[in-house]
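Chains as they are written, first to last, in the working numbering: chain A, 817 to 1050; chain B, 100 to 208.
We put the CB at the ideal spot given by N, CA and C, even for glycine.
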Amino acid sequence: MTAQALPQVSRASQFRRGLKAILPILLAVTPFGMIYGALALQAGIPLAAAQSMSFIVFAGSSQFVTTQLVSQLIPGLVIVLTIFVVNLRHALYSASVAPYTQRLPFRWKAGLAYFLTDEAYAVSILHYEKEGSAGNQHWFFFGAGLGLWTCWQLSTALGIFLGAVIPASWSLDFALPLTFIALIVPALKDRAGVTASLVAGFAAVIAFSLPYKTGIIVAALIGVAAGLLVEGRK
Amino acid sequence: MSIWVVMLLGGVLTFLTRLSFIWLQDRISMPPLIRRALRFVPPAVLSVVIFQELLFRNSALDLSPTNTRLLAGVIAVIVAWRSRNPLLTIASGMAALLLLNLLFSFLGI
């Protein structure tokens, strides 16, 4: 907490620093938002709902999975459960930033929790670890979160627009597995992670015909267990 | 259940997950096993969707060489692994699928 000794940085300037930190990430996020928007529309989700999902749920991977489940007419409760499981990792982020947001009033805690996406978490936790939580550091988090949020809403809108003009023969739905490949392959760094991925994938083949696509959750849990086993043996 | 109800419930659960420790830091703690397990959730879930999308056609397992989605997906995995570039991965996967489909329809397969 070295920041306490330094002169306080103003709210506006912390906010701008947060925006600046998230900016390079927005370049990578924009295409994902566009692909989501286009896929949502092609999955048969009404335009207003497709756009609203980006600010009600505001979590990329789970929105992608939702478009896939909706297009297969899966019961709503299974979709809700799947969204919940896909986003469970955010509890880790929550636990990790909690010490830094402890002294904030509840409205700030709730607001920042809404912005606690993978990307906003990544830049904010780095900032907190470097500068501590004294002063106006929460405005940095707010700046990063709002920057990402704005980008996600705009790129969703752009994608919805494109989805309406792209013909079905372009197999745009194939962008879904490709997006996931682009997200996880570079992130697989250790044997436990690779095991979790592969075991979940093979379990998915076996569990494919479980009723209501519950195979997604069952296979994912088997993959998680396999990852834990491999990690535990070290 | 309408898409709106699904989104609202999914959104509220996601928000509560994100708020959990920020709000209740002093009152709840995460069991170490859960903490370790959560790291594996994203790769596991995303892999499930990838495998199902690439290996199944019309709800049937298709491991034949005419499964162009599988071939294009494997190409994308290689590109992702070598380049670590998300955009290049998606672009080459889409291009591969388009070309393979053209090629196969040209060959009459």
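With a CB to CB cut of under 6 angstroms and the five nearest residues on each side skipped, what residues in its chain are close to residue i?
| i | result |
| --- | --- |
| S949 (chain A) | Y916 |
| A960 (chain A) | G834, A837, I838, A936, V939, S940 |
| T883 (chain A) | L855, A856, A859 |
With a threshold of 8 angstroms between beta carbons, is residue i in contact with chain A?
| i | result |
| --- | --- |
| S163 (chain B) | no |
| A92 (chain B) | Residue 92 (chain B) cannot be examined here, being either before or after the span of chain B that is shown, 100 to 208. |
| S146 (chain B) | yes |
| R126 (chain B) | no |
| G109 (chain B) | yes |
| F120 (chain B) | yes |
| G207 (chain B) | no |
| F203 (chain B) | no |
| L199 (chain B) | no |
Between which residues of its own chain and residue i is the CB-CB distance below 8 angstroms, once the five residues before and five after are set aside?
| i | result |
| --- | --- |
| L154 (chain B) | L160, D161, L162, N166, L169 |
| T818 (chain A) | Only weak support exists for where T818 (chain A) lies, its pLDDT of 49 falling under 50; the value from the coordinates is given anyway. Cβ within range, chain order: E947, G948. |
| V901 (chain A) | I1033, A1036 |
Do we get a CB-CB distance below 8 angstroms when we pair residue i with the residues of chain B?
| i | result |
| --- | --- |
| A936 (chain A) | no |
| R919 (chain A) | no |
| K925 (chain A) | yes |
| A984 (chain A) | no |
| Y944 (chain A) | no |
| H954 (chain A) | no |
| A887 (chain A) | Checking the displayed sequence, the identity of residue 887 (chain A) turns out to be Ser instead of Ala. By this cut-off, S887 (chain A) is not an interface position. |
| A1016 (chain A) | yes |
| Y852 (chain A) | no |
| M817 (chain A) | Since pLDDT at M817 (chain A) reaches only 47, below the 50 mark, its modelled position is unreliable, and the value read off the structure follows with that caveat. Not one chain B Cβ lies under 8 angstroms of M817 (chain A). |
So which residues of chain A does residue i contact, with C-beta pairs closer than 9 angstroms?
| i | result |
| --- | --- |
| P131 (chain B) | Within 9 angstroms Cβ-Cβ: nothing; P131 (chain B) doesn't reach chain A, min ~11 angstroms. |
How would you label residue i, buried or exposed, when you count the other beta carbons within 10 angstroms and need 16 or more for buried?
| i | result |
| --- | --- |
| W180 (chain B) | exposed |
| T966 (chain A) | exposed |
| N157 (chain B) | exposed |
| G207 (chain B) | exposed |
| V104 (chain B) | exposed |
| R905 (chain A) | buried |
| R117 (chain B) | buried |
Counting only the same chain and skipping the five closest in sequence on each side, list residues whose C-beta sits under 7 angstroms from that of residue i.
| i | result |
| --- | --- |
| L1004 (chain A) | V1010, S1013 |
| L1026 (chain A) | V1034 |
| I861 (chain A) | T883, V886 |
| V873 (chain A) | Q879, I899 |
| G975 (chain A) | G849, M850, I851, Y852, G853, A854 |
| V825 (chain A) | G951, N952 |
What residues of chain B sit near residue i, judged by a beta carbon separation below 7 angstroms?
| i | result |
| --- | --- |
| P993 (chain A) | V148, I149, E152, L153, G172 |
Which chain A residues are close to residue i, counting only those with a beta carbon under 7 angstroms from its beta carbon?
| i | result |
| --- | --- |
| R168 (chain B) | F990 |
| R156 (chain B) | Ordered by position in chain A, no residue passes the 7 angstroms Cβ test against R156 (chain B), which lies about 12 angstroms from the chain. |
Quick one: which chain A residues come within Cβ less than 8 angstroms of residue i?
| i | result |
| --- | --- |
| L137 (chain B) | L904, R905, A907, L908 |
4-residue-minimum alpha helix (DSSP H) runs that sit fully inside the stretch 865 to 942 of chain A, ordered along the chain: The DSSP assignment places 876 to 887, 892 to 902, 906 to 917, 922 to 930 as complete runs of the alpha helix (DSSP H) inside the stretch 865 to 942 of chain A, in order along the chain (cut-off: 4 residues).
Write down every uninterrupted run of the alpha helix (DSSP H) in the stretch 981 to 1022 of chain A whose length is 4 residues or greater and which is fully enclosed by it, in chain order. Taken in chain order, the whole alpha helix (DSSP H) runs of length 4 or more contained in the stretch 981 to 1022 of chain A are 991 to 1000, 1007 to 1022.
Would you mind listing the alpha helix (DSSP H) stretches within the stretch 113 to 158 of chain B that are 4+ residues and don't spill past its ends, in chain order? 131 to 137, 140 to 154
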